[in-house]
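Here the structure is laid out as structure tokens; the discussion comes afterwards.
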Amino acid sequence: MIASAAGQQRSEADRYEPLLRIAAARAVRYLATIESRRVGPSAAAIASLAELGGGLAEEGHDPEAVLDLLDRAGSPATMAVMGRRFFGGVIGGSLPVTVAAHWLADAWDQNACLFELSPVAAYVEEVVLGWLIDLFGLPQEAGGALVVGTQSAHLTALAAARHALLANVGWDVEQDGLFGAPPITVVVGEEAHATLLKALALLGLGRRRVVTVPADSQGRMRAASIPRLSGPTIICAQLGNVNSGCSDPLAALCDAARRSGAWVHVDGAFGMWARTAPARRHLTEGLEQADSWATDGHKWLNTPQDCGIAIVRQRETLREAMAVSGAYYGEPAGRDPMRWCPDSSRRARAIELWAALRYLGRRGIGDQIERTCRLAAQFAEGLRRAGHEILNEVVLNQVLVSFGAGERTDRVIKVIQDDGICWCGGTTWHGRRAMRISVSSWATTESDVDICLQAVDSACRRCG
Ligand SMILES: *Cc1c(COP(=O)(O)O)cnc(C)c1O
């Protein structure tokens, strides 16, 4: 019996090994040549994606041929976020150790729903949540969940807020729904991120029935403009405006909230990570006083997609909001991740997060944040020296630059993207078109910034 089981194992390995070796060789080649290719894919590469389409074949194909086609047609149509000169949106590359850990975890194919079904995934998730709570200096009693991104972290944390605030006034929202429930006032800043408003919409709290607080020139909520609060209330603060990088005055917002018993939720997708860099820590003042936090690992920590993180001060409110039962789930054998998040079957995204935190350590994380902020400052300085107007206070990793009239700015952005030396996107800031530079990758260096400054120069000259 044992001999035949071992034989069986060998033949399983035989099935995987050649394919994994091919995938590794192709992946290594992709990464090795990433600096010599354009950052944004060419129109021809995008057109060639049609090779991956067509109707579903009646008969299957050899696995080697499947991989070959995927690499040939797919790799050229990627955005080179794993290179050093992608600055479009706050999307970091992935630390090498996290990519490798992800591969290993893929070989495990764990369903991280129940401890019983994957002790390693459930245990590591608990470990990383503890590490993150410690890293951000959040209350020890907090609990959390790993979800897809900051979008679903909002959904998760705000569901806990909705549960707690309505339970306080005697309403069980999970059992009785929102029809007829006491109203919840939701306060957001004028510059709240679109994902926050979407989470409010999904939770029945509404996009339009929010109280919107005006922002200052950098997009920071004006704390003095917060109306007098009463009844169940959620204040949604933001650390890291996706355009300017500026953060709401969280400490003042928490003070206002405390006076009225309001719940403070923090959208800290990337801005929260400033907490880990001693020189930027002041930008997150008051962080530990909030009630819930939404962030992710795939932006500034540089884990692979997708890795959202929701943390809630009163962990029981999260567990109650996410409760689920069924005889088929059995009795918990440990912390069951699915009892803390909206999902049931889910991948073991804790693994890459664990690898990133274990590899970098507290100091390495802070260094990565600080280094990218300095590169953003180098960008701003170089652009200013070249005579361009910087539209934001560069306090974090975000730079907004104008190349004159909106139409010219858009033309310059297009030429830069087409040249392929670097990639930045466009945005509108206070009614003006701007190019948005986000420095978010561990791999970017000072000389990359210089190369990009030259690319901008060259594009501007050709745009007249
Ligand atoms: C990116 C971002 C989000 C959304 O995060 P996802 O991980 O894409 O869901 C929310 N808020 C802010 C401020 C962001 O920068």
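When you read off a place in the sequence shown, starting at 1, and then add 212, the result is the number in the numbering used here. C-beta: ideal position from N, C-alpha, C; glycine also. Keep in mind the model is a prediction, meaning the values are calculated, not measured.
- If Leu417 and Val399 are in contact, beta carbons under 8 Å, what's the gap, nearest whole angstrom? The beta carbons of Leu417 and Val399 sit about 11 Å from each other, so the pair does not count as a contact at 8 Å.
- Message: So for Met550, helix, strand or coil by DSSP?
- Response: helix
- Task: Go through the residues and name those whose CB comes closer than 5 Å to any heavy atom of ligand 1, in chain order.
- Result: Gly361, Thr362, Gln363, His405, Thr407, Val454, Asp479, Ala481, Asp508
- Item | Minimum C-alpha distance to Gly618 - residue among Ala372, Gly573, Thr639, Val536 | Thr639
- Could you give the DSSP three-state label for Met484: helix, strand or coil? helix
- Residue interval of the beta strand (DSSP E) (run including Ser659): Careful: Ser659 lies outside any beta strand (DSSP E), inside the alpha helix (DSSP H) at 658-674.
- Query: Of all the options Val478, Thr310, Gly542, which has the alpha carbon lying nearest to the alpha carbon of Ala369?
  - Reply: Val478
- Just the C-alpha distance for Asn455 and Gly355, rounded to the nearest angstrom, thanks. 30 Å
- Message: Bridge partners for Arg648 per DSSP, in chain order?
- Response: DSSP lists Leu612, Gly637 as partners of Arg648.
- Item | Beta-carbon proximity of Ala235 to Ser260, cut-off 8 Å | no
- Message: Can you list, in chain order, the residues of its chain with a C-beta nearer than 7 Å to that of Leu572? Leave out the 5 residues immediately preceding and following it.
- Response: Gln580
- Whose C-alpha, out of Glu601, Glu500, Val661, is nearest the C-alpha of Gln352? Glu500
- Query: Does at least one heavy atom of ligand 3 sit under 7 Å from the Cβ of Val624?
  - Reply: You won't find ligand 3 in this model; what it holds is ligand 1.
- Query: Just checking, does the stretch 295-302 make contact with the stretch 540-547 on the three C-beta pairs under 8 Å criterion?
  - Reply: no
- Query: His477 by DSSP, collapsed to three states: which one?
  - Reply: strand
- Item | First through last residue of the alpha helix (DSSP H) which encompasses Ala189 | Residue 189 falls outside the range modelled here, since the chain spans only 213 to 676, and no answer is possible.
- Item | DSSP bridge partner residues for Phe298 (one or two, in chain order) | Trp635
- Can you name the residues that DSSP bridges to Ser459? Leu451
- Item | Own chain residues within Cβ distance below 6 Å of Ala568, not counting five before or after | Same-chain partners within the cutoff: Leu307, Thr310, Leu513, Thr515.
- Using only alpha-carbon positions, find the residue among Gly483, Phe482, Leu465 that is nearest to Trp475. Leu465
- Please work out which residues of its chain come closer than 6 Å, Cβ to Cβ, to Ala592, disregarding the five sequence neighbours upstream and downstream, and give them in chain order. Closer than 6 Å at the Cβ level, and outside the excluded window around Ala592, lie Ile602, Val606, Val611.
- Would you kindly report the start and end of the unbroken beta strand (DSSP E) that includes Thr507? It spans 504-508 - the beta strand (DSSP E) in which Thr507 sits, taken as one unbroken run.
- Flag this pair as touching only if the stretch 287-297 and the stretch 321-332 have three or more C-beta atom pairs under 8 Å; answer yes or no. no
- Item | Under 8 Å between C-beta atoms of Gly520 and Gly361 | yes
- Rounded to whole angstroms, what's the CA-CA distance from Arg525 to Gly599? Just pull it up for me. 47 Å
- Item | Limits of the beta strand (DSSP E) - the one that Ala324 falls within | Unbroken run through Ala324: none, as it is neither H nor E.
- Task: Please state whether DSSP places Glu276 in a helix, a strand or coil.
- Result: helix
- Query: From Leu595 to Glu582, what distance separates their C-alpha atoms?
  - Reply: 20 Å
- Task: Please report how far the alpha carbon of Met213 lies from the alpha carbon of Leu316, in whole angstroms.
- Result: Annotation note: pLDDT 44 at Met213 (below 50); position unreliable, coordinate value reported separately. Taking the straight line from one Cα to the other gives about 29 Å.
- Query: What's the call for Ala404, buried or exposed, on a 16-neighbour Cβ count within 10 Å?
  - Reply: buried
- Taking only the alpha-carbon atoms, compute the straight-line gap between Ser287 and Ile258 and give it to the nearest angstrom. 10 Å
- On the premise that His366 lies in contact with Ala411, defined as a C-beta separation below 8 Å, what is that separation, rounded to the nearest angstrom? 4 Å
- Message: Using 8 Å as the threshold, is the C-beta distance between Gly509 and Gly483 below it?
- Response: For Gly509 and Gly483, no; Cβs fall outside 8 Å.
- Task: Quick one: give me the first and last residue of the beta strand (DSSP E) that Gly179 is part of.
- Result: Coverage of the chain is limited to positions 213 through 676, which leaves residue 179 absent and any answer about it impossible.
- Query: Under the rule that 16 or more other beta-carbon atoms within 10 Å means buried, what is Lys511, buried or exposed?
  - Reply: buried
- Item | Rounded C-alpha distance that separates Ser614 from Ile628 | 14 Å
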